[in-house]
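Its first residue numbered 635, the sequence shown is counted upward by one per residue in this note's numbering.
All C-beta atoms in this analysis are idealised placements derived from N, C-alpha and C, irrespective of residue type, glycine included.
Predicted model only: the values in this text are computed from it and were never measured.
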Amino acid sequence: MTEPDFAASEFFPALVELLRWRRDVRRFLPDAIADEELLDLLRVAQLAPSVGLSQPWRFVRVRGEAARAAVRENFARCNAAALAGYEGEDAAVYAGLKLSGLNDAPVQLAVFCETNGEAGRGLGRRTMPEMAEYSVVAAVHTLWLAARAKGIGMGWVSILEPEGVTAALSVPEGWRLVAYLCLGRPVEVHVDPELDRAGWERRTPLEDVFLER
Ligand SMILES: Cc1cc2nc3c(=O)[nH]c(=O)nc-3n(C[C@H](O)[C@H](O)[C@H](O)COP(=O)(O)O)c2cc1C
C-alpha cells in the first residue's frame with residue numbers, strides 16, 4: 635500500500651485546525667445521526683492504539699428511554715452534590731455551567747473497558763494495569779476527532795456515579811465505565827473551550843507543563 639503524503643503542505647495545518655476547533659459540546663440539535671455514520675465513526679475509533687493490541691474498548695449505544703432517564707437522574711444527583719462542594723463565587727459560576735447534553739443529544743454512548751479480556755495476553759499491563767483504561771481513552775479521543783471532522787459534536791460526561799450507569803445498562807461482568815458520551819450536530823461552534831469562556835479555567839501555556847531533567 636502506498637503511504638499517503640502526510641508531510642504535504644496542506645495536511646499538517648489542516649490537522650492542527652481540526653485539533654483547535656474540536657470542542658466538548660453540550661448543546662445539540664435534535665437532528666438524527668444516521669446509523670451508518672455512527673458505525674463508521676466507531677470503526678475509525680477502533681484505529682486507536684491499545685496496550686498489547688488489547689483493544690479493550692466496548693461501546694454501548696444507549697437508546698432505551700429508561701436507561702437514558704437513569705443516566706439523567708444520576709447526573710442530576712452527582713451535579714447537585716458537586717455544586718454543594720463549592721462556595722461563594724465558585725458556586726455561582728458552577729451553577730451557571732452547562733455540563734452535559736444528556737437532555738437532547740440524539741446519540742449517547744457508554745464506553746467501557748473490558749478488564750478481563752484475553753486479547754493482548756497481558757502485554758504491557760503487568761506493572762501498570764490501568765493501561766487498559768488508558769487505551770479506551772485513546773479510542774474516545776480518536777472518536778472525538780473523527781466526529782469533529784464530520785461536523786458532529788461530542789461531549790464527555792463524567793459527573794456520574796459509574797456503578798449506577800453500569801447497572802442501568804446491564805453489561806457483562808468485568809466491564810468498567812470509562813466514558814459516557816453525547817453526540818450530535820452542535821448548536822454552535824467555537825474555537826475556545828466553554829469553560830474558558832465561562833471564566834472557570836484558562837488554558838495552560840507549555841512553559842508551565844514542560845520540564846527537562
Ligand atoms: C475525561 C474527561 C471528562 C470530562 N467530563 C466532563 C463533564 O462531566 N462535563 C463537561 O461539561 N465536560 C466534561 N469534559 C470536557 C472538559 O470540560 C473539556 O474538555 C475542557 O473544558 C476543554 O474544553 P474543550 O474540550 O472544548 O477543549 C470532560 C473532558 C474529559 C477529557
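> Roughly how many angstroms separate the alpha carbons of LEU777 and GLY719, rounded to a whole number?
Replying inline: C-alpha separation (whole angstroms): 32 Å.
>> Quick check: is any heavy atom of ligand 1 less than 7 Å from the C-beta of VAL791?
In response: Yes - ligand 1 has a heavy atom lying nearer than 7 Å to the Cβ of VAL791.
> Would you call SER769 buried or exposed, if buried means 16 or more other Cβ atoms sit within 10 Å of its Cβ?
Replying inline: Looking at its Cβ environment, which holds 16 or more other Cβ atoms inside 10 Å, SER769 is buried.
>> I need the DSSP call for ASP830, collapsed to helix, strand or coil.
In response: Of the three classes helix, strand and coil, the one that applies to ASP830 here is helix, per DSSP.
> Out of curiosity, what's the CA-to-CA distance linking THR838 and LEU779?
Replying inline: THR838 and LEU779 have their alpha carbons spaced roughly 21 Å apart.
> Given that a residue counts as buried once 16 or more other Cβ atoms are within 10 Å of its Cβ, and exposed if not, what is VAL821?
Replying inline: By the Cβ neighbour-count rule, VAL821 is exposed, with fewer than 16 other Cβ atoms within 10 Å of its own.
>> Are there any heavy atoms of ligand 1 lying less than 7 Å away from the beta-carbon of LEU676, as far as the coordinates show?
In response: Because no heavy atom of ligand 1 lies under 7 Å away, the Cβ of LEU676 does not count as near it: no.
>> Counting C-beta neighbours from all protein chains within 10 Å, is the total for GLY789 16 or more, i.e. buried, or is it exposed?
In response: Buried is the label assigned to GLY789, since at least 16 other Cβ atoms lie within 10 Å of its Cβ.
> The beta strand (DSSP E) with MET635 in it runs from where to where?
Replying inline: No beta strand (DSSP E) contains MET635, which DSSP labels as neither H nor E.
> To the nearest whole angstrom, what separates the beta carbons of ALA704 and ILE793, a pair I think is in contact under 8 Å?
Replying inline: The Cβ separation is near 15 Å, so there is no contact.
>> By the three-class DSSP mapping on this structure, what secondary structure does TYR768 have?
In response: DSSP places TYR768 in helix when its eight states are reduced to three.
> Which one or two residues does DSSP pair with PHE844 in a beta bridge?
Replying inline: For PHE844, no pairing in a beta bridge is given by DSSP.
> Going by other Cβ atoms of all chains shown within 10 Å of its Cβ, with 16 needed for buried, is GLY787 buried or exposed?
Replying inline: Here GLY787 is buried, its C-beta having at least 16 other C-beta atoms within 10 Å.
> Should LEU829 be listed as close to ligand 1, given that the test is whether its C-beta is under 7 Å from any heavy atom?
Replying inline: Result yes, Cβ under 7 Å from ligand 1.
>> Can you look up ASP669 in the DSSP assignment and give me helix, strand or coil?
In response: Per DSSP, reduced to three states, the secondary structure at ASP669 is helical.
>> Short of 8 Å in beta carbon distance, which residues of its chain neighbour ALA753, apart from the five on each side in sequence? Order them along the chain.
In response: Spatial neighbours of ALA753 in its own chain (CB-CB distance under 8 Å, excluding positions within 5 residues in sequence) are listed in chain order as GLY686, LEU687, SER688, GLN689 and PRO690.
> Can you tell which of PHE646, LEU675 and ASP724 has the C-alpha that lies nearest to the C-alpha of VAL774?
Replying inline: Comparing Cα positions, the closest option is LEU675.
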